[in-house]
Each structure stands twice: as structure tokens, then as C-alpha cells.
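Residue numbers (this note's numbering), protein chains in the order written: chain P, 1 to 197; chain V, 1001 to 1197.
Have a look at this one:
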């Protein structure tokens, strides 16, 4: 066992997702060897993020400013909203560089079990944004899971009669995939959604 | 991409051993969801460890005090020194609860390639400790690797004529191992070191 203070730091690291006691110990050891460079920087950065980062009141993205740097960016199209479940989904779409509109981060999916209703997902806020600004397209980019698709379906229902083009990400065979290794559900969807060449 | 501040925190996590950009992102996301509880605690703990933890001047262990809580513990035998390569080796032996003496943390192994000589490993300091205190046994608990064994051999040479009992951890078949899965080196060593029943 290490000294009590070091043990308590190891315990803090061990609570992070995907880290067991062994890897937590390895990380703390690495940091102990780079106390002035890495360890203090990490401490400062964590404190800075914890105190300065807030949710964007517009879209739910986390940033040091609200509206966030995406909502505030004049070069982005404010008339197109991409609806995602969680922050990492937004990050993934941003990494792809495909989308130049704005976002709406739900923060989860509809779930009676977990008590997540439309209000928790800020769906009323999404509807207000649609009415306030002249939104032309809502892209539903929820996960291709049952929960994600149910949520997308619910939002589609709410958008009825609002005169907004609603689209959803295409489902099918992922780029680079081999048919032999695909699950039946994906193959089925890809067959059903087949297009003329 | 996340906001620049969050991205820089992800980069800090990504520099930790065994973490790729994906798992670093996952951890930061977890921390963002527990800003007040986990994130600030982790920041404070990191700062506390970075500022308060120092190497024990006696044995090289890291602790908030020097002599460390092991060297300062009156219930431990100060006449027995266990020589280990690195801090995690000390932690592992402490976890086993087997050893009730004191330690000497080398901080590595002898290596011409990396320029690690006897001075870097505080071997002169070990010899001074042997002469100052009435040490009865030195247990060489370096790793069973070529570098570890070379270092143990060098220390054994230095201890010649000092009238100190020098021992080394037994090598052989690990508890619970199946012969079929053992490497040849271990089997060879276990055969050579066989004992009467």
C-alpha cells in the first residue's frame, strides 16, 4: 500500500470509467514522476474546466461561453439544427467536419424507466427555437438504437405542422464493412433502403 | 471537437499511460457530468499530492513525510532492508503484508544504455545505511528480468565483506500455475532449484 494520500488519489482515479485499481495505480505513478509538469497542469486544468465550463443555454453544448462557440459562430448556418443525444455525439459530428449548422443536445433519450420525459430532454426548448428562429431543417441524429429511434419518432411527431423539413441520418452498411460480419438487422435495413444506381 | 478548454483537458488525460484519445474523452465526459463532486475533488487531490508528496530521504519511498510512514513505524524491523526497483514493487510487497522490515527503492536498474549507474540508484546510500544501522538482512527483490538480476548481482558484489546476510526472492513455479502454460525459462529454473520433500 502507498501512503494514505497517494492511496486516496488512486481511489479517485479508480472511480473513472474503464479504470481498475491497477491502471489507476499506473497513472498515479506516472503523474508522481512528472509532478511539476503533468500533475500540476492536470490539477489546474481540471479546476479550470470545473469552474468555467457551463451548458450553452441555446443548444446544451458544454463550453466556457453561452451561447457556445458553435452557436456564436457567424459562419455557421443558424437555420439548420442537428439533434443529438449526448455531447460525444456532437463531438463526433464536429470531428467529421460534415455539418456546418447548429446543434441541440438532448442529454439522453426518452425513458419511462429512468423518468426522462420531453422536459428533461429540453424538447420544448427545441420547439421554441424552431419558432423563434427561421429554422429550415431539423436533422435527427439520435443513435440507431431502440431508445434513440423512439426519441426521434417522438420529436418527428412534435414537429408535425410546423413546416420544418425533418431528416434523419441514413441507415445501412458502414463504409469498409464486410457483409459476412454484419448483423442481420443492419443487412435487413440496408436491403430495405436500397437505392437505384 | 469539443470547446478548446475541454479539448486541452482531454489532451492532458490522453498523455496518461494506457489511455487513447477515445478513453480520455470518455473520462472527461464522466467528469463533466460530476463537476462539483468528482472533478473538483480530483483537481484538489492532484494538487495536494503534487505539493505535499516527497521522496523519503531514508529509503526513496514517496510519502507526505520524510522519513516515510514505513521508515518511521516503530513496529517495523529496521534491521531488515528489502531492495526493490520501483515504487509499485514496494506497494505490491506491502499489499501482500508479508514483510515487516524497511525498504530501499532503487528507482530503476543499472543500465549503460540509459546512463543509470550505481549513484542514480542510490546504491552508495544503501551501503551507508548498512554501516550506520545494524542491518542484519538485505533482501534483493528486484524483478526476475535480465536488468533486475544484473542489478541484484552488482549489489551482492558490493555487499561482500560487509557481514550482512543477503537473500533473494525464490524463483520457480507461480502458485496456481499449470506446467503446460509455463515458459521454458521458469520450468528450467524450477527444476534447477528443486528441493527435497
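Every residue, glycine too, gets a C-beta built ideally from N, C-alpha and C.
- Setting aside the 5 residues that flank it on each side, residue 19 (chain P) is surrounded in the same chain by 13, each with a C-beta closer than 7 Å to its C-beta; the list follows chain order.
- Per DSSP, the continuous alpha helix (DSSP H) segment holding residue 52 (chain P) begins and ends at 40 to 52.
- For residue 1045 (chain V), the nearest beta carbon of chain P is closer than 9 Å to its own beta carbon.
- Residue 1082 (chain V) sits away from residue 1071 (chain V), with the two beta carbons spaced by 9 Å or more.
- Comparing C-alpha distances from residue 1100 (chain V) to each of V:1075, V:1119, V:1107 and V:1112 shows the shortest one belongs to V:1075.
- Of all residues in the region 100 to 116 of chain P, none places a beta-carbon less than 8 Å from a beta-carbon of chain V.
- Looking at P:158, P:103, P:149 and P:145, the one whose alpha-carbon comes closest to that of residue 127 (chain P) is P:158.
- Within the region 1073 to 1113 of chain V, complete alpha helix (DSSP H) segments of at least 4 residues are found at 1087 to 1096, given in chain order.
- By the criterion of at least three beta-carbon pairs nearer than 8 Å, the region 59 to 69 of chain P is not in contact with the region 1037 to 1054 of chain V.
- The shortest CA-to-CA distance from residue 102 (chain P) to any of P:141, P:3 and P:78 is the one to P:78.
- Residues of the region 1036 to 1061 of chain V with a Cβ closer than 9 Å to any Cβ of chain P, in chain order: 1036, 1038, 1039, 1040, 1041, 1042, 1043, 1044, 1045, 1046, 1047, 1048, 1049, 1050, 1051, 1052, 1053 and 1061.
- When DSSP states are grouped into helix, strand and coil, residue 1119 (chain V) belongs to the coil group.
- The DSSP-derived three-state label of residue 197 (chain P) is coil.
- Using a CB distance below 7 Å, the part of the region 69 to 85 of chain P facing chain V consists of 69, ordered along the chain.
- Per the coordinates, the alpha-carbon of residue 1150 (chain V) lies some 14 Å from the alpha-carbon of residue 1169 (chain V).
- The Cβ of residue 1018 (chain V) sits closer than 9 Å to at least one Cβ of chain P.
- A residue is called buried when at least 16 other Cβ atoms come within 10 angstroms of its Cβ; residue 1025 (chain V) meets this threshold and is buried.
- At a C-beta separation below 7 Å, residue 88 (chain P) has these neighbours in chain V: 1025 and 1029.
- Scanning its chain for C-beta atoms nearer than 6 Å, with the 5 sequence neighbours on each side dropped, one finds around residue 1106 (chain V) the residues 1085 and 1121, in chain order.
- The Cβ neighbour count for residue 134 (chain P), taken over all protein chains shown within 10 Å, is under 16; the residue is labelled exposed.
- Around the beta carbon of residue 1146 (chain V), fewer than 16 other beta carbons sit within 10 angstroms, so the residue counts as exposed.
- Residue-level contact by beta carbon holds for residue 1004 (chain V) and chain P, with a gap shorter than 9 Å.
- In this structure, residue 1148 (chain V) and residue 1109 (chain V) form a Cβ contact; the two beta carbons are roughly 6 Å apart against a cut-off of 8 Å.
- Within its own chain, no residue has a Cβ closer than 7 Å to the Cβ of residue 174 (chain P) once the five positions on either side in sequence are excluded.
- Exclusion of the five residues before and after residue 1089 (chain V) leaves 1141 as the residues of its chain whose Cβ lies within less than 7 Å of its Cβ.
- Residues of chain V whose Cβ lies closer than 8 Å to the Cβ of residue 121 (chain P) do not exist, since the nearest Cβ in that chain is about 16 Å away.
- Looking at the backbone, the Cα of residue 1184 (chain V) and that of residue 1051 (chain V) are separated by about 47 Å.
- By the neighbour-count criterion, in which a residue is buried when 16 or more other Cβ atoms sit within 10 angstroms of its Cβ, residue 104 (chain P) is buried.
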